[in-house]
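Numbering (my numbering), first residue to last: 630 to 774. All remarks here apply to the structure that follows.
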Amino acid sequence: MLGSFTCTSCAEHVWNTKHFDVPIADVNLSVLRSPGSPSTDAAQFVPSVPFVDGLLDGALVDPAGIICEAGGSVLLLLCPPCKSALSCSKLPQFSLANLNVLGSVPPELSDLTLIEELIVACCHAKMCVVKLQDHHDDVELPTAQ
Ligand SMILES: [Zn+2]
630 MLGSFTCTSC AEHVWNTKHF DVPIADVNLS VLRSPGSPST DAAQFVPSVP
680 FVDGLLDGAL VDPAGIICEA GGSVLLLLCP PCKSALSCSK LPQFSLANLN
730 VLGSVPPELS DLTLIEELIV ACCHAKMCVV KLQDHHDDVE LPTAQ
C-alpha cells in the first residue's frame with residue numbers, strides 16, 4: 630500500500646517505503662535543539678518550537694513525525710538522510726533545526742501559478758525543470774539529416 634509520512638527532522642513528506650521508526654532514546658536530541666538564542670542574528674529566523682517541556686523540549690521538529698505508542702514509548706519517523714546524520718549525532722542538512730523552515734503559505738497565496746510564485750518570491754530556486762514532449766514525430770526539423 631502506497632502512502633507517505635512526515636520526517637520529524639526535515640518535515641519532508643516521504644514514501645512509506647523509505648522510513649525508519651527510531652526510538653527517541655536512540656537519538657541525540659541536542660542536535661535538533663533550536664539554534665537561535667535571543668542574542669544571535671539567527672534568532673529572527675527561528676520559528677517557535679513545538680514542545681516546551683518533556684524529552685523534546687526545545688527541539689525544532691515536526692510533530693507530525695512523532696508516534697506516541699500505547700506503552701508510553703515514543704518513536705521518531707525519519708527519512709534516510711536524516712536518520713543517517715542523526716545516527717552520527719550530526720545535524721541533518723535539511724532539518725528544521727538547521728533553519729530550513731519556510732513556514733506556512735498564507736491563504737491568499739495558496740492558489741498562485743508557478744510564474745506568480747516566482748514574481749512574488751523573496752528568493753528563487755536556481756533551477757526548475759519543465760519536461761516538454763514532442764508528440765509530432767512526423768515533422769522534419771531543418772537540423773535533421
Ligand atoms: Zn528528514
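Cβ atoms here follow ideal geometry from the backbone N, Cα and C, with glycine treated the same way.
With DSSP as the reference, please indicate the residues paired to residue i in a beta bridge.
i, result
"Ile696", "Leu704"
"Thr772", "According to DSSP, Thr772 bridges with nothing at all."
"Ala688", "Arg662"
Between which two residues does the alpha helix (DSSP H) containing residue i stretch?
i, result
"Ser659", "Neither: Ser659 is in no alpha helix (DSSP H) and is coded neither H nor E."
"Pro652", "Unbroken run through Pro652 is the beta strand (DSSP E), 649 to 652; no alpha helix (DSSP H)."
"Ser724", "Unbroken run through Ser724: none, as it is neither H nor E."
"Cys711", "709 to 716"
According to DSSP, is residue i helix, strand or coil?
i, result
"Asp740", "coil"
"Thr635", "strand"
"Asp767", "coil"
"Val749", "helix"
Does ligand 2 have a heavy atom nearer than 7 Å to the CB of residue i?
i, result
"Glu745", "In terms of ligand content, the structure shown lacks ligand 2 and carries ligand 1 instead."
The beta strand (DSSP E) that contains residue i, what's its start and end?
i, result
"Val643", "642 to 644"
Listed by chain order, which residues have C-beta atoms less than 5 Å from any heavy atom of ligand 1?
Cys636, Ser638, Cys639, Cys708, Cys711
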